[in-house]
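Here the working numbering is used: position 62 in the sequence shown is 62, and no number is missing along the way. First comes the structure, then the notes that go with it.
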Amino acid sequence: DKHDKGNGILHKYGYTALVVATEYCSMYCRHCFRKRMVGLPNEQTVKNFEKASEYIADHPEITNVVISGGDPMLLPTDALKRILDSLRNIPHLNYVRIGTRAPVVYPVRFFEDEVIYVLRDFCNDKMLYMPTHFNHPSEITPEATEAIKRVRSAGVTVNNQAVFLRGVNDDPDVLAELMGKLTKIGVNPYYLYQCMPVSRVRHHFQIPLKEGVDIVDKARQSMDGYAKRFKFIMGHDIGKIEICGRAGDKLVLKQIHSRQEAPEEASRMLFYELTENAGWLDDLKQIDI
1 DKHDKGNGIL HKYGYTALVV ATEYCSMYCR HCFRKRMVGL PNEQTVKNFE
51 KASEYIADHP EITNVVISGG DPMLLPTDAL KRILDSLRNI PHLNYVRIGT
101 RAPVVYPVRF FEDEVIYVLR DFCNDKMLYM PTHFNHPSEI TPEATEAIKR
151 VRSAGVTVNN QAVFLRGVND DPDVLAELMG KLTKIGVNPY YLYQCMPVSR
201 VRHHFQIPLK EGVDIVDKAR QSMDGYAKRF KFIMGHDIGK IEICGRAGDK
251 LVLKQIHSRQ EAPEEASRML FYELTENAGW LDDLKQIDI
């Protein structure tokens with residue numbers, strides 16, 4: 001991958017660097033697109049982060065960093081602190097994100113005062129965001145709600161990135177309930193990802209785009225303004241693609257992020273023939289309008 005810069009750094013978008021801080025998760029999701037990495041011997045760890053932060057410091061176009069994995073909230077608290085401290089004084093960084101599913105599957109991690117202190121301390125210098133991963137309203141338990149409350153008390157802004165999954169949240173009522181409950185506990189619905197065509201996953205979890213667009217549109221009809229702010233997207237090789245909707249048998253898309261080598265592709269509108277079972281951009285035929 002030409003965007004892999006070594007030491008766990010992925011630099012696909014010019015302004016964003018993603019750093020794989022650990023390869024361990026507290027839950028192994030069948031639909032995960034990083035299954036080939038997760039759970040392997042931990043070679044990309046905090047030990048590499050000094051080199052990662054040097055790369056970030058040397059690239060002033062990078063305005064934000066995503067600390068990812070695996071799940072970085074499984075790192076020891078002192079390791080998490082060292083990672084954040086290495087980013088704290090880089091002047092061109094506007095904010096940092098910590099991607100985690102821990103509020104769902106390991107909420108007691110945030111019941112530890114020390115980890116909340118580390119988050120709060122960093123928030124005194126830079127904005128800190130926490131993309132979470134709630135896929136179903138039943139995951140919003142009292143423990144998860146308390147974890148979110150504690151994270152927000154540290155000054156962290158919490159957003160949610162759900163995955164659209166057959167048999168899990170492919171129902172307008174379930175989807176509306178998920179987004180409504182997230183908003184209620186202070187989590188901003190941010191992205192709803194179309195399930196990637198991962199090996200041995202696609203035919204089990206992926207929802208055809210034609211069906212998915214209708215489900216999302218119907219769900220939005222019963223959501224209030226804040227709950228319906230999320231974007232329905234595909235994380236494709238060419239960048240992030242918003243699935244805007246359909247007009248008859250045409251699918252309307254908008255590229256919202258482009259690879260750093262093709263900045264002119266950002267914000268372009270894309271139109272495709274919408275076939276019955278197409279579940280991914282590569283399954284569609286583009287139309288010139």
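Heads up, the beta-carbon is just placed ideally off N, CA and C, and yes, glycines get one too.
- As the crow flies, the alpha-carbon of PHE134 is around 26 Å from that of ASN94.
- Counting only the Cα atoms, LYS126 lies some 19 Å from ASP78.
- Residue environment: HIS203 is assigned as exposed (fewer than 16 neighbouring CB atoms within 10 Å of its CB, all protein chains considered).
- Assigned with DSSP and collapsed to three states, GLU177 falls in helix.
- Taken in chain order, the complete beta strand (DSSP E) segments of 3 or more residues contained in the stretch 72-113 are 95-98.
- Taking a 10 Å sphere around the C-beta of GLN286, we find fewer than 16 other C-beta atoms and assign the residue as exposed.
- Under a 10 Å Cβ-count criterion, VAL108 is classified as exposed, with fewer than 16 other Cβ atoms of the shown protein chains found around its own Cβ.
- Going by DSSP, GLU50 is part of the alpha helix (DSSP H) stretching over 49-57.
- Note: HIS257 is bridge-paired with LYS240 in the DSSP secondary-structure output.
- C-alpha of VAL20 to C-alpha of VAL213: approximately 32 Å in a straight line.
- Under the three-state reduction of DSSP, VAL158 is assigned to strand.
- Annotated three-state conformation of GLY6 is strand, per DSSP.
- PRO72 is positioned such that its CB atom lies no closer than 8 Å to that of ILE56.
- Of the residues assessed, LYS12 falls on the buried side of the cut-off, its CB having 16 or more other CB atoms within 10 angstroms.
- Closest in alpha carbon position to ILE238, among SER86, ARG229, SER267 and HIS59, is SER267.
- ASN188 has ASN159 as its beta-bridge partners, per DSSP.
- For GLY212, the secondary structure class from DSSP, reduced to helix, strand or coil, is helix.
- Burial check for THR183: the Cβ neighbour count within 10 Å reaches 16 or more, so the residue is buried.
- Separation of the CB atoms of PHE205 and LEU165 is rounded to 5 Å, and the pair is thereby assigned contact status at 8 Å.
- Setting aside the 5 residues that flank it on each side, TYR193 is surrounded in the same chain by GLN161, ALA162, VAL163, PHE164, ILE233, MET234 and GLY235, each with a C-beta closer than 8 Å to its C-beta; the list follows chain order.
- The beta carbon of GLU50 lies closer than 7 Å to those of SER86 in the same chain, with the five residues before and after it left out.
- With respect to the C-alpha of VAL105, the residue from THR145, ASN48, LEU84 and LEU119 having the closest C-alpha is THR145.
- By the 16-neighbour rule on beta-carbons within 10 angstroms, ASN124 is exposed.
- DSSP places SER68 in the strand class (E or B) of the three-state scheme.
- Assigned with DSSP and collapsed to three states, HIS11 falls in strand.
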